[in-house]
Amino acid sequence: MRSRYSAYASQNYDYILKTYSADQRAGLSAEALEEAAASSQWLALRIEATTSASQNHPEQVQFCAYYREQGQLCQLRETSNFVVEHGEWRYRDGVIAPDSGPVKWPRNQSCFCGSGLKYKRCHAR
Ligand SMILES: [Zn+2]
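Residue 83 in full-length UniProt numbering sits at position 83 of the sequence shown, with consecutive numbering throughout.
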C-alpha cells in the first residue's frame, strides 16, 4: 500500500501497473495510469485502518491520500482490496468515499501530513 503511494508520488507507473492484480492489470497500461495521474501532485498518505485477510475476504486498507491538483488541495479516501498473487500483495480494487475531492484545510490546524506544524507553516506554502 505504502509502496504504491510512493510510486504514485515518484511517478513510477510501471510499479503501479505491476502491483495490480492480474485481472485488473489486463485493461491497463503504464501510459494510461500516467495520463490519469499526471496532473496530481501527491503530498501525504494516512492509513486509517487495515483488516487482515480471512477466508473469502481480501485484505482491506482504508486510507486517505492528500494531493494537489490545479492548485487545489484534495483528498482521496478509499478502502482498497488487496489479494495475494504469487506470494505478493496486489491491488485489486477499491471503494472511494463520497467525501473525496477538494478539501478546505483550516490554516491554523495541524497539517494533514503529520508534521506537527500548522498547515499555514507547512503544506499551505
Ligand atoms: Zn504538511
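Cβ atoms here follow ideal geometry from the backbone N, Cα and C, with glycine treated the same way.
Report buried or exposed for residue i, applying the criterion of at least 16 other Cβ atoms within 10 angstroms of its Cβ.
| i | result |
| --- | --- |
| residue 61 | buried |
| residue 2 | exposed |
| residue 125 | exposed |
| residue 107 | exposed |
Roughly how many angstroms lie between the CA atoms of residue i and residue j, to the nearest whole one?
| i | j | result |
| --- | --- | --- |
| residue 13 | residue 118 | 32 Å |
| residue 74 | residue 67 | 5 Å |
| residue 17 | residue 8 | 11 Å |
| residue 36 | residue 4 | 15 Å |
| residue 114 | residue 33 | 28 Å |
| residue 71 | residue 43 | 12 Å |
| residue 52 | residue 90 | 14 Å |
| residue 126 | residue 38 | Because the chain is modelled from 1 through 125, residue 126 falls outside the range shown and cannot be assessed. |
Apart from the five residues just before and just after residue i, which ones in its own chain have a Cβ nearer than 6 Å to its Cβ?
| i | result |
| --- | --- |
| residue 111 | 117, 119, 122, 123 |
| residue 76 | 65, 100 |
Taking 7 Å as the limit between beta carbons, can you name the residues of its chain near residue i, skipping five residues before and five after?
| i | result |
| --- | --- |
| residue 92 | 21, 24, 58, 81, 82, 83 |
| residue 49 | 62 |
Quick one: what does DSSP say residue i is sitting in, helix, strand or coil?
| i | result |
| --- | --- |
| residue 118 | strand |
| residue 14 | helix |
| residue 93 | strand |
Could you tell me which residues DSSP pairs with residue i in its beta bridges?
| i | result |
| --- | --- |
| residue 63 | 47, 78 |
| residue 110 | 118 |
| residue 57 | 54 |
Are any of the Cβ atoms in chain D nearer than 8 Å to that of residue i?
| i | result |
| --- | --- |
| residue 63 | Absent from the structure is chain D; it holds one protein chain and no more. |
Excluding the 5 residues preceding and the 5 following residue i in the sequence, name in chain order all residues of the same chain whose CB lies nearer than 8 Å to its CB.
| i | result |
| --- | --- |
| residue 41 | 67, 68, 69 |
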